[in-house]
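K.L.:
2 protein chains.
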Amino acid sequence: MVKTGSLRDRKKANVKKIFIEEAVKLFLTKGFDKVTVEDIAAKASVSRSTFFRYFKSKEAVVFRNHHARVAIFKEMLSSAKSNNEKIFDAIRVALLNFAKYYESIKDELREEYKIVVSSPYLIAKDIEKDRDFEEAISEEIYKRLGGGQQNRYRAKILASAIFGTVRTVMEDWFEGGCKSSLIKSGRDALDLLSGGFDW
Amino acid sequence: MVKTGSLRDRKKANVKKIFIEEAVKLFLTKGFDKVTVEDIAAKASVSRSTFFRYFKSKEAVVFRNHHARVAIFKEMLSSAKSNNEKIFDAIRVALLNFAKYYESIKDELREEYKIVVSSPYLIAKDIEKDRDFEEAISEEIYKRLGGGQQNRYRAKILASAIFGTVRTVMEDWFEGGCKSSLIKSGRDALDLLSGGFDW
DNA sequence: TTTTACTTGACACTTAGTATCATTTTTAAT
DNA sequence: ATTAAAAATGATACTAAGTGTCAAGTAAAA
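Residue numbers (the numbering used here), protein chains in the order written: chain A, 1 to 199; chain B, 200 to 398.
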């Protein structure tokens with residue numbers, strides 16, 4: 001039994017799909033900044049107005065999967081168990097799980113990356129989006145530390161250090177065309193971090 | 200002997216000063232997003248065209264000191280000496296020096312922060328600007344490690360962890376109205392980091 | 001079938017930023 | 001002091017993102 005929405009719902013889903021396909025095609029060939037919403041709407045054979053009913057901005061097409069990914073990451077964080085009761089180890093488990101997930105959607109990610117680096121504006125936005133992941137880590141550490149004002153700050157500091165590391169590993173992975181093992185690089189980088197800064 | 204520029208130069212400097220004063224006044228009272236370049240130009244009694252000859256964008260007024268600050272930081276990084284030959288310690292010295300500098304311009308910074316948080320757009324841009332500091336740290340670590348491909352990556356990871364920490368400390372300082380000791384907070388946070396992640 | 005709810009296209013508007021051109025102002029040379 | 005070159009300004013027109021509104025069309029429910 002296949003669940004078909006109403007005709008209206010199916011039409012909407014289809015329009016959205018076409019928007020995404022055509023927009024991505026244009027972004028990849030011309031670069032994000034050289035594509036106007038007018039162009040996208042024309043390719044999708046609808047009006048410019050309609051585009052803004054489906055996406056709140058031009059870049060929203062590019063970042064359409066962001067929220068879902070953050071949700072997945074949060075789920076991995078909260079369900080992560082460590083063998084040794086150490087918080088950092090649990091975060092590490094979640095991060096490596098997420099790395100595995102990212103490897104499984106590398107085609108999608110590679111395409112997205114190509115679009116992002118085509119525009120200084122998108123690069124900035126991308127950095128901004130990363131904050132959601134960092135905040136998720138911070139929240140998780142805070143919870144596991146048991147709450148309290150002092151721990152909130154402590155959690156933020158640790159999370160920013162951890163995610164700074166993660167971001168760098170990911171950038172490196174993208175730069176190399178997602179060919180290397182993200183899990184292995186991630187593990188190595190986290191080892192470097194956990195070893196401390198006595199150098 | 201006072202060095203007076205030409206009449207032209209003095210006029211230009213004055214127009215720029217007026218632009219900054221009026222723009223900042225408007226940003227502080229109405230919030231960045233509610234101020235148009237038209238408004239600023241009107242307050243400065245010049246045309247909108249002229250504004251864009253002095254600043255390449257509206258936000259450039261807010262971030263007008265960014266480059267100079269990065270330059271100062273780089274200088275502090277390259278001249279930092281540690282007692283024990285450890286790279287992390289030299290970076291720490293530079294960071295604490297910079298914290299001292301920031302304490303000395305806290306009024307300017309507090310004003311800037313108030314404007315930045317008035318606009319989601321500026322908050323994003325601010326995060327972007329921070330990358331310049333992170334890259335400066337990365338460069339410095341890389342140089343001190345003696346170059347090489349492997350060290351480039353290593354330097355990036357360490358720099359992102361360090362700067363993630365720094366950013367969090369600064370945010371906390373700003374949130375508290377720049378009243379606490381940035382140097383002390385910075386030292387504590389760096390200690391937390393250097394202790395490693397074995398928890 | 002008819003009423004109601006939703007979707008769309010057309011249009012007007014605001015604002016940042018770019019580009020051009022004529023006018024004014026400053027500077028340098030005679 | 002006069003004039004020619006260089007630079008700053010204002011006016012104007014343009015592109016493009018994003019917002020808001022309204023009337024017409026289409027699907028859903030009665």
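For each residue, glycine too, the CB sits at the ideal point set by N, CA and C.
1) Do Val269 of chain B and Ala360 of chain B have their C-beta atoms within less than 8 angstroms of each other?
2) What does the alpha-carbon distance come out to for the pair Lys30 of chain A and Ser118 of chain A?
3) Mind checking if Arg386 of chain B is an interface residue toward chain A, Cβ cutoff 8 angstroms exclusive?
4) Determine whether the beta carbon atoms of Leu253 of chain A and Phe19 of chain A lie at a separation below 8 angstroms.
5) For Arg351 of chain B, which residues of its own chain have a beta-carbon under 7 angstroms away from its beta-carbon, when the five flanking residues on both sides are left out?
6) So the candidates are A:Ile40, A:Leu158, A:Val24 and A:Lys74; which of them puts its Cα closest to the Cα of Phe63 of chain A?
7) Answer yes or no: does any C-beta atom of chain B fall closer than 8 angstroms to that of Ala60 of chain A?
8) Of the residues B:Lys378, B:Ile326 and B:Leu295, which one's Cα is nearest the Cα of Asp306 of chain B?
9) If contact means a Cβ-Cβ distance below 9 angstroms, which residues of the region 152–180 of chain A contact chain B?
10) Taking a contact to mean a Cβ-Cβ separation below 8 angstroms, would you say Ala41 of chain A touches Thr50 of chain A in this structure?
11) Looking at chain A, which residues of the region 282–308 of chain B have a Cβ within less than 8 angstroms of any of its Cβ atoms?
12) Does any residue of chain B have a CB that is nearer than 8 angstroms to the CB of Ile115 of chain A?
13) Throw me the rounded Cβ distance for the Leu344 of chain B and Ile286 of chain B pair, which I believe falls under 8 angstroms.
14) With distances taken between CB atoms, is the gap from Ala44 of chain A to Glu59 of chain A smaller than 8 angstroms?
15) State buried or exposed for Thr367 of chain B, treating a residue as buried only when at least 16 other CB atoms are found within 10 Å of its CB.
16) Which same chain residues, not among the five before or five after Val236 of chain B, have their C-beta less than 8 angstroms away from its C-beta?
17) Does the distance from the C-beta atom of Phe362 of chain B to that of Glu333 of chain B stay below 8 angstroms?
18) Following the continuous alpha helix (DSSP H) through Glu284 of chain B, name the residue where it begins and the one where it ends.
19) Mind pulling the chain A residues with CB within less than 9 angstroms of Ala335 of chain B?
20) Could you work out which residues of chain A lie near Ile382 of chain B, taking near to mean beta carbons separated by less than 9 angstroms?
21) Have a look at Lys17 of chain A and Tyr54 of chain A and give me their C-alpha separation to the nearest angstrom.
22) With 16 as the cutoff for other CB atoms within 10 Å, does Asp89 of chain A come out buried or exposed?
23) Distance cutoff 8 angstroms, beta carbons only. Does Glu327 of chain B sit that close to anything in chain A?
P.N.:
In terms of the structure at hand:
1) For the purposes of this step, residue 269 of chain B is taken as the residue at position 70 of the second sequence. For the purposes of this step, residue 360 of chain B is taken as the residue at position 161 of the second sequence. No; because the gap between Cβ atoms is not below 8 angstroms, this pair is not in contact.
2) Your numbering for residue 30 of chain A matches position 30 in the first sequence. Your numbering for residue 118 of chain A matches position 118 in the first sequence. Straight-line Cα distance between these residues: approximately 9 angstroms.
3) Looking up residue 386 of chain B in the second sequence gives position 187. Arg386 of chain B does not count as touching chain A.
4) Chain A is shown only over 1 to 199; residue 253 of chain A falls outside these bounds and no answer can be derived.
5) Here residue 351 of chain B is taken as the residue at index 152 of the second sequence, counted from 1. Taken in chain order, the residues that qualify are Tyr341.
6) In the first sequence, residue 63 of chain A corresponds to position 63, counting from 1. Nearest C-alpha to Phe63 of chain A: A:Val24.
7) Taking the first sequence and counting its residues from 1, one reaches residue 60 of chain A at position 60. Chain B contact via Cβ: absent.
8) Within the second sequence, residue 306 of chain B is the residue found at index 107, counting from 1. Answer by Cα proximity: B:Lys378.
9) Tyr153, Arg154, Lys156, Ile157, Leu158, Ala159, Ser160, Ala161, Ile162, Phe163, Gly164, Thr165, Val166, Arg167, Thr168, Val169, Glu171 and Asp172
10) For the purposes of this step, residue 41 of chain A is taken as residue 41 along the first sequence, with counting starting at 1. For the purposes of this step, residue 50 of chain A is taken as residue 50 along the first sequence, with counting starting at 1. Yes. Within cutoff.
11) Lys285, Ile286 and Phe287
12) As a first step, residue 115 of chain A must be located in the first sequence, where it is residue number 115. Output row for Ile115 of chain A: interface = no.
13) The residue given as residue 344 of chain B occupies position 145 in the second sequence. The residue given as residue 286 of chain B occupies position 87 in the second sequence. Sure, about 7 angstroms apart at Cβ, within 8 angstroms.
14) Within the first sequence, the letter at position 44 stands for residue 44 of chain A. Within the first sequence, the letter at position 59 stands for residue 59 of chain A. Cβ distance not < 8 angstroms, so Ala44 of chain A and Glu59 of chain A don't count as in contact.
15) In the second sequence, the residue the question calls residue 367 of chain B occupies position 168. Buried, by the Cβ-count rule.
16) The count along the second sequence starts at 1 and reaches residue 236 of chain B at position 37. Here the set comprises Arg247, Phe250, Phe251 and Lys257.
17) Taking the first residue of the second sequence as 1, we reach residue 362 of chain B at position 163. Taking the first residue of the second sequence as 1, we reach residue 333 of chain B at position 134. Going by C-beta atoms, Phe362 of chain B is nearer than 8 angstroms to Glu333 of chain B.
18) Within the second sequence, numbered from 1, the residue matching residue 284 of chain B stands at position 85. Careful: Glu284 of chain B lies outside any alpha helix (DSSP H) and carries neither H nor E.
19) Here residue 335 of chain B corresponds to residue number 136 of the second sequence, with the count starting at 1. Those do not exist, as Ala335 of chain B stays about 14 angstroms from chain A at its closest Cβ, beyond 9 angstroms.
20) Residue numbering aside, residue 382 of chain B sits at position 183 when the second sequence is read from its first letter. Residues of chain A passing the Cβ test: none, with the nearest at roughly 16 angstroms.
21) Here residue 17 of chain A refers to the residue found at position 17 when the first sequence is read from its first residue. Here residue 54 of chain A refers to the residue found at position 54 when the first sequence is read from its first residue. Those two C-alpha atoms are separated by around 10 angstroms.
22) The count along the first sequence starts at 1 and reaches residue 89 of chain A at position 89. Flag for Asp89 of chain A reads buried.
23) Against the second sequence, residue 327 of chain B aligns to sequence position 128. Chain A contact via Cβ: present.
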